[in-house]
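Trainee:
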Amino acid sequence: MPTNTVAGRAPPDTSTSTSTGTASMPTSENVCRRASMAKLSRGRFEGERSARRRGIQMFSLCVKAREFARDGGNTPPVVNSVYRRPCRPGGCLPAHRGQDVPSMIVPPRPATACIVRIATCLALGARFAAGTAEDFNMQVTAAGIQLGSHVSGPHLDADALRNRVVLLEFWGVHCPPCIAAMPKLEELHRKLGPAGLVVVGAHAQGGTAEAIRRTAGDLGVTFTIVEQARVEGGTDFNGIPHCMLFDHTGACIHRGSPHAAHDKVVAAVQASPAMVLGGRALTKLTGLEQTLRDEKTFGSVLKKVAAMKASSDKDTADEAAFVAERLEARGHEMLAHATSLKGSDPVAATALLQRCATIFRGSDLATEASQQLREWKKDPTYQSVIKAGQQFAQLESLRARLLAALGADTPSPEVVAAVPPAVKKQMQELVKSVHKYGSGSKLTEQADAIATEFGLQAERP
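Its first residue numbered 6, the sequence shown is counted upward by one per residue in my numbering.
The following block contains the structure:
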């Protein structure tokens, strides 16, 4: 009987028969069957598996199938196929958190069919989690957003969302698709934030605030992260990530996958009045609306409208006065915010003053910001805390690089044991420096948290 073999590979051993004697099965399949049945006899569910491990297993399955097809084989290794439920708000798999639901052990299939089957299952899972606009209540509004408890990033209130394009993303630290979406959200935040976009990450799974904050920091997220947030009339979704997009009028224009929202976000920001105008559309100075989307133009526009306030056309003069008033208010708001941050976060306060001096270059606001910064630098305590902030930034960066190198999300006991002694010593020195220069600041608490994670016993001065 002809056999289907691959060059350089011996045909599989088919000498082992089943108990019925009516079919033959490769030895590897029998081994796989026995191993799987043994696992089920020990207990079908393993509640301690992490979402990361489940994602890695599914990815490995896809890779193995693809590699086998590339080798020219027609009988991929038999696997214990597992159906993965989509992530749920409140925790992945609320009823069976961390559990795998094994299906029957499938017979050998052509490799191509195996790949198609896997891809189809993944696509259906993503579709189930994301949904479409037709699946959700689109009558929700930005006014119904309740932000819950602040975790990290800028503090926001209801006023901060008014007349702004708002992207609200429900996510979780144990949800791989959510983690994958965060860098794109950060990119939108950095690119369109100055033009009026507000991005909020609403954590919707179990976990401490510190764990959420740490995960967001590892991902480089700088937009606002909250927990226990909700939207009035908007609890009609079961899977995460789940995105809600509101235009500057407060109307909901998208719900579902964050990946499908990108173009809508850009269009909504472009269609909204410049953020600094507070929702007012200009009728005489229409050309300034687009210009004012870039805060780097604030200084030059302020000079321009100052001259236009004397226009003989009353409407033009009124609009020029309005624009000047809004720009000056924005500058004073930045100065006040920087002053309020000086004690708790001097690094952020310094960056804000420098930003104010840059965007209002040539104006009295820029002069005031520069003068305030010079006064601060004369303060030895301020200078010391700034140095502590620099040391802490190095500590955070080292932590992130270390976890990435070890392929971990959090420093588990196994990860901590794998950290080289020289790296631990370096971390100890950084923690000690933070205490030396930032005594009494929040930086010391944050440094201590990292020290605790890695079991460090840095000697404090």
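For glycine and all other residues, C-beta sits at the position ideal for the given N, C-alpha and C. The model shown is predicted, which means the values in this text are computed figures rather than measured ones.
1) If you measure between the beta carbons of G283 and A405, is that distance less than 9 Å?
2) If we count the other Cβ atoms within 10 Å of its Cβ and call it buried at 16 or more, is H247 buried or exposed?
3) Exposed or buried, which one is T355 when buried takes at least 16 other CB atoms within 10 Å?
4) According to the neighbour-count rule (16 or more other Cβ atoms, all chains shown, within 10 Å of its Cβ), is Q144 buried or exposed?
5) Three Cβ pairs or more, each shorter than 8 Å: is that satisfied between the region 418-432 and the region 451-460?
6) Output the distance between the C-alpha atoms of F251 and N168, rounded to the nearest integer angstrom.
7) Less than 8 Å between C-beta atoms, sequence neighbours within five positions excluded: which residues of the same chain meet that for K269?
8) Starting from T229 and walking both ways along the beta strand (DSSP E), at which residues does that stretch end?
9) Just to confirm the assignment, what range does the alpha helix (DSSP H) spanning F303 have?
10) On the DSSP bridge list, what partners appear for E174?
11) Whole angstroms are fine: how far does the CA of M187 sit from the CA of L202?
12) Measure the alpha-carbon distance for V170 versus H253 and round it to whole angstroms.
13) What separation, rounded to the nearest whole angstrom, lies between the Cα atoms of D320 and K289?
14) Please name the residue or residues paired with H155 in a DSSP beta bridge.
15) Given a cut-off of 9 Å on the beta-carbon distance, is the pair L358 and S375 in contact?
16) Let me make sure I understand the geometry here. Which of A362, G394, I364, E237 has the alpha-carbon closest to that of G348?
17) Measure the CB-CB distance between G212 and L190 and report whether it falls below 9 Å.
18) With G261 as the anchor, note down where its beta strand (DSSP E) starts and where it stops.
19) Considering just the uninterrupted stretch of the alpha helix (DSSP H) at Q5, what are its terminal residues?
20) Considering only the alpha carbon of each residue, which of R360, G244, K309 lies closest to P181?
21) Which same chain residues, not among the five before or five after V274, have their C-beta less than 7 Å away from its C-beta?
22) On the CB-based measure, 16 or more other CB atoms within 10 Å of its CB, does Q210 come out buried or exposed?
23) According to DSSP, which residues form a beta bridge with V274?
24) Run through the DSSP bridge pairs and tell me what I150 is partnered with.
25) For the putative contact between V439 and L400, defined by C-beta atoms under 8 Å, what is the C-beta separation to the nearest angstrom?
26) Using the C-alpha atoms, what's the distance from V281 back to I391?
27) Classify T291 as buried or exposed, calling it buried when 16 or more other Cβ atoms lie within 10 Å of its own Cβ.
28) Please report the residue range of the alpha helix (DSSP H) in which V190 lies.
29) Determine the extent of the alpha helix (DSSP H) in which V428 is found, giving its start and end residues.
30) Can you give me the start and stop residues for the alpha helix (DSSP H) that A266 sits inside?
31) Is the beta carbon of I150 sitting closer than 9 Å to the one on A214?
32) Here's the rule I'm using: 16 or more other beta-carbon atoms within 10 Å means buried, otherwise exposed. How should A266 be labelled?
33) Looking at C-alpha atoms only, which residue of K301, R379, R195 is the closest neighbour of C361?
34) Nearest to A456 by alpha carbon, out of G445, E434, K441?
35) Would you identify the three-state DSSP class for A410, choosing helix, strand or coil?
36) Tell me where the alpha helix (DSSP H) around S375 begins and ends.
Mentor: According to the data block:
1) Counted from its first residue, the sequence shown places residue 283 at position 278. Counted from its first residue, the sequence shown places residue 405 at position 400. No, Cβ-Cβ distance for G283 and A405 is not below 9 Å.
2) Here the question's residue 247 lines up with position 242 in the sequence shown. So H247 ends up on the buried side.
3) Here residue 355 is taken as the residue at index 350 of the sequence shown, counted from 1. Its Cβ being crowded by 16 or more others within 10 Å, T355 is buried.
4) Within the sequence shown, residue 144 is the residue found at index 139, counting from 1. When all chains shown are included, Q144 counts as exposed.
5) yes
6) Start at 1 with the first residue of the sequence shown, and residue 251 comes out as number 246. Start at 1 with the first residue of the sequence shown, and residue 168 comes out as number 163. Cα to Cα, F251 sits roughly 10 Å from N168.
7) Along the sequence shown, one-based indexing puts residue 269 at 264. Once the five neighbours on either side are set aside, the close Cβ partners of K269 are L250, I258, H259.
8) Position 224 of the sequence shown, counted from the first residue, corresponds to residue 229. 229-232 is the extent of the beta strand (DSSP E) around T229.
9) Within the sequence shown, residue 303 is the residue found at index 298, counting from 1. Per DSSP, F303 belongs to the alpha helix (DSSP H) from 303-313.
10) For this step, residue 174 is matched to residue 169 along the sequence shown. E174 is bridged to G206, C248.
11) Locating residue 202 in the sequence shown gives position 197, where the first residue counts as 1. Locating residue 187 in the sequence shown gives position 182, where the first residue counts as 1. Each residue's Cα considered, the two are about 16 Å apart.
12) In the sequence shown, the residue the question calls residue 170 occupies position 165. In the sequence shown, the residue the question calls residue 253 occupies position 248. Computed Cα separation, rounded: 5 Å.
13) Here residue 320 corresponds to residue number 315 of the sequence shown, with the count starting at 1. Here residue 289 corresponds to residue number 284 of the sequence shown, with the count starting at 1. In a straight line, the C-alpha of D320 is about 7 Å away from that of K289.
14) Against the sequence shown, residue 155 aligns to sequence position 150. Beta-bridge pairing links H155 to V231.
15) Start at 1 with the first residue of the sequence shown, and residue 358 comes out as number 353. Start at 1 with the first residue of the sequence shown, and residue 375 comes out as number 370. Yes, Cβ-Cβ distance for L358 and S375 is below 9 Å.
16) Taking the sequence shown and counting its residues from 1, one reaches residue 348 at position 343. For the residues A362, G394, I364, E237, the minimum Cα distance to G348 belongs to G394.
17) One-based indexing of the sequence shown puts residue 212 at position 207. One-based indexing of the sequence shown puts residue 190 at position 185. No, they are not a contact pair.
18) Indexing the sequence shown from 1 puts residue 261 at position 256. For G261, the enclosing beta strand (DSSP E) begins and ends at 257-261.
19) The question about residue 5 has no answer, for the chain in this structure spans 6 to 466.
20) Working through the sequence shown from its first residue, we reach residue 181 at position 176. Of all alpha-carbon atoms in R360, G244, K309, the one lying nearest the alpha-carbon of P181 is that of G244.
21) Within the sequence shown, numbered from 1, the residue matching residue 274 stands at position 269. The answer, listed in chain order, is V170, L197, A200, G201, L202.
22) As a working note, residue 210 is residue 205 in the sequence shown. Q210 comes out buried.
23) Walking along the sequence shown from the start, residue 274 turns up at place 269. Note: V274 sits in no beta bridge, so no partner.
24) The residue labelled residue 150 in the question sits at position 145 within the sequence shown. Answer is V236, bridged to I150.
25) Indexing the sequence shown from 1 puts residue 439 at position 434. Indexing the sequence shown from 1 puts residue 400 at position 395. With 8 Å as the limit, V439 and L400 qualify as a contact, their Cβ atoms being about 7 Å apart.
26) Start at 1 with the first residue of the sequence shown, and residue 391 comes out as number 386. Start at 1 with the first residue of the sequence shown, and residue 281 comes out as number 276. When rounded, the distance between both Cα atoms is 30 Å.
27) By one-based count along the sequence shown, residue 291 stands at place 286. Looking at its Cβ environment, which holds fewer than 16 other Cβ atoms inside 10 Å, T291 is exposed.
28) Here residue 190 is taken as the residue at index 185 of the sequence shown, counted from 1. In the sequence on display, residue 190 carries Leu and not Val. 181-197 is the span of the alpha helix (DSSP H), which, as asked, contains L190.
29) For this step, residue 428 is matched to residue 423 along the sequence shown. Element bounds for V428: 426-442.
30) On the sequence shown, residue 266 is found 261 positions in, with the first residue counted as 1. Premise fails: A266 is in no alpha helix (DSSP H) and is neither H nor E.
31) Locating residue 150 in the sequence shown gives position 145, counting from the first residue. Locating residue 214 in the sequence shown gives position 209, counting from the first residue. Contact: no.
32) Start at 1 with the first residue of the sequence shown, and residue 266 comes out as number 261. That one is buried.
33) Within the sequence shown, the letter at position 356 stands for residue 361. With distances taken between Cα atoms, C361 lies closest to K301.
34) If you number the sequence shown from 1, residue 456 lands on position 451. Among G445, E434, K441, the Cα nearest to that of A456 belongs to E434.
35) In the sequence shown, the residue the question calls residue 410 occupies position 405. Correct three-state label for A410: helix.
36) As a working note, residue 375 is residue 370 in the sequence shown. 369-382 is the extent of the alpha helix (DSSP H) around S375.
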